[in-house]
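Numbering (UniProt numbering), first residue to last: 1 to 91.
Single-structure report; data block below.
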C-alpha cells in the first residue's frame, strides 16, 4: 500500500486512476445525473496545484467533490504532495 497524506491508498487504485478522465471520475463519485456542474476551479502557473470543485444532486442535499490535478496528468480526490528541497550527490 502507498501512503498519501497519512492515508493508505492501494497502489493499484493509484495507478489505475492515472489514465482516467475527469468526467469519468465525476461519474464514478457523484454519478451520471443531470445538474452536475463545476462550481469552482483553479489554474495558472502561480498556483501550487490545480483543482476543480464539482457539485451534483444527492438524496436530500447537494454533494461536492474537489478533484486535484497531479503532475502525471491524473485527477484525484487528494491533493498532490508538495515538492520538497532535494540534494543530489555528484559522482
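Ideal Cβ placement from N, Cα and C applies to all residues, glycine included.
Could you check where the alpha helix (DSSP H) with residue i kicks off and where it finishes?
i, result
"residue 24", "22–29"
State the CB to CB distance for the pair residue i and residue j, rounded to an integer number of angstroms; the pair is presumed to be in contact (CB under 8 Å).
i, j, result
"residue 51", "residue 68", "5 Å"
"residue 41", "residue 53", "7 Å"
Among all the DSSP beta bridges, which residues are the ones paired with residue i?
i, result
"residue 53", "40, 66"
Please classify residue i: is it buried, with 16 or more other beta-carbons within 10 angstroms of its beta-carbon, or exposed?
i, result
"residue 21", "exposed"
"residue 56", "buried"
"residue 75", "buried"
Let me check you understand the geometry: is the CB of residue i closer than 7 Å to at least one non-hydrogen atom of the ligand MN?
i, result
"residue 86", "With respect to small molecules bound, the structure shown includes none, and the ligand MN cannot be examined in it."
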